[in-house]
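A.B. asks: Please find one structure pasted underneath; my questions will follow.
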Amino acid sequence: MNALLATGYKNITATCRTERRKKELTYLPIEVLLDNRKAASTSDVIILSVKPHQVIPVFKEIEEYVENGKRLVISVAAIITTRKIEESVKGIRVVRAMPNINLIARHSATAVCRGTNVSEDDMNLV
Numbered sequence: 002m003n004a005l006l007a008t009g010y011k012n013i014t015a016t017c018r019t020e021r022r023k024k025e026l027t028y029l030p031i032e033v034l035l036d037n038r039k040a041a042s043t044s045d046v047i048i049l050s051v052k053p054h055q056v057i058p059v060f061k062e063i064e065e066y067v068e069n070g071k072r073l074v075i076s077v078a079a080i081i082t083t084r085k086i087e088e089s090v091k092g093i094r095v096v097r098a099m100p101n102i103n104l105i106a107r108h109s110a111t112a113v114c115r116g117t118n119v120s121e122d123d124m125n126l127v
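For the sequence shown, this note's numbering assigns the number 2 to the initial residue and increments by one for each residue that follows.
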């Protein structure tokens, strides 16, 4: 999150599962919601950064907002391939990003794998 903010991105919305965590994030200049569906409904790009066992359930929760290429999704979840995500959500535009620890210092070498529905414009954005 800090790397995104440091590079000048604005209008960032994040979600979390608990009110306690939401309060912990109040120091950041972002909107924090407890509702993934609400966040997805107003986003142009969705960055999914959850534990591997949460990926498919979260996609099912926000499916109506990401199916058929409605929004670009960037997944940084370990282990879950773009193929697995594409099998779970019809027509999803998904890019898998695999940053290394140097992301914290904004010097990451990030591997990127595009899904079958991702355009050149999407990749330029990523």
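Think of the CB as a built atom: it goes at the ideal place given N, C-alpha and C, for glycine as much as any other residue.
If you count every other CB in all the chains shown that lies within 10 Å of the CB of R22, and 16 or more means buried, which is it?
C.D. replies: The residue in question, R22, is exposed, as its Cβ has fewer than 16 Cβ neighbours within 10 Å.
A.B. asks: Using a Cβ-Cβ cutoff of less than 6 Å, which residues in the same chain neighbour A15 once the five nearest sequence positions on both sides are dropped?
C.D. replies: Contacts found: I31 and V33.
A.B. asks: Under the assumption that I48 contacts I75 (Cβ atoms under 8 Å), give the Cβ distance between them as a whole number of angstroms.
C.D. replies: At roughly 5 Å, the Cβ-Cβ gap stays under 8 Å, so I48 and I75 are in contact.
A.B. asks: From A112 to N101, what does the alpha carbon distance come to, in whole angstroms?
C.D. replies: C-alpha separation (whole angstroms): 9 Å.
A.B. asks: Measure the C-alpha to C-alpha separation of A110 and L6 and round it to an integer number of angstroms.
C.D. replies: Taking the straight line from one Cα to the other gives about 18 Å.
A.B. asks: Return the CA-CA distance between R84 and G116, expressed in angstroms with no decimal places.
C.D. replies: Roughly 7 Å separates the two Cα atoms.
A.B. asks: According to DSSP, M99 sits in a beta bridge with which residue or residues?
C.D. replies: DSSP lists A112 as partners of M99.
A.B. asks: Is it right to say I80 is buried, meaning 16 or more other beta carbons lie within 10 angstroms of its own, or is it exposed?
C.D. replies: So I80 counts as exposed.
A.B. asks: Can you give me the C-alpha to C-alpha distance between E88 and N3, rounded to a whole angstrom?
C.D. replies: Each residue's alpha carbon lies about 32 Å from the other.
A.B. asks: Since V59 and V51 should fall inside the 8 Å C-beta cutoff, what is the C-beta to C-beta distance between them, to a whole number of angstroms?
C.D. replies: About 6 Å separates the two Cβ atoms, so the contact holds.
A.B. asks: Among Y66, V96 and T43, which has the Cα closest to the Cα of T1?
C.D. replies: Here the chain covers residues 2 to 127 and nothing more, so residue 1 does not appear.
A.B. asks: Pop quiz: V94 and G70 are said to be a contact at Cβ under 8 Å. What is the actual Cβ separation, rounded to whole angstroms?
C.D. replies: Looking at the sequence shown, residue 94 is not Val but Arg. Confirmed, Cβ separation roughly 5 Å.
A.B. asks: So what does DSSP say about I80, is it helix, strand or coil?
C.D. replies: In the structure shown, I80 sits in coil (DSSP, three-state: anything other than H, G, I, E or B).
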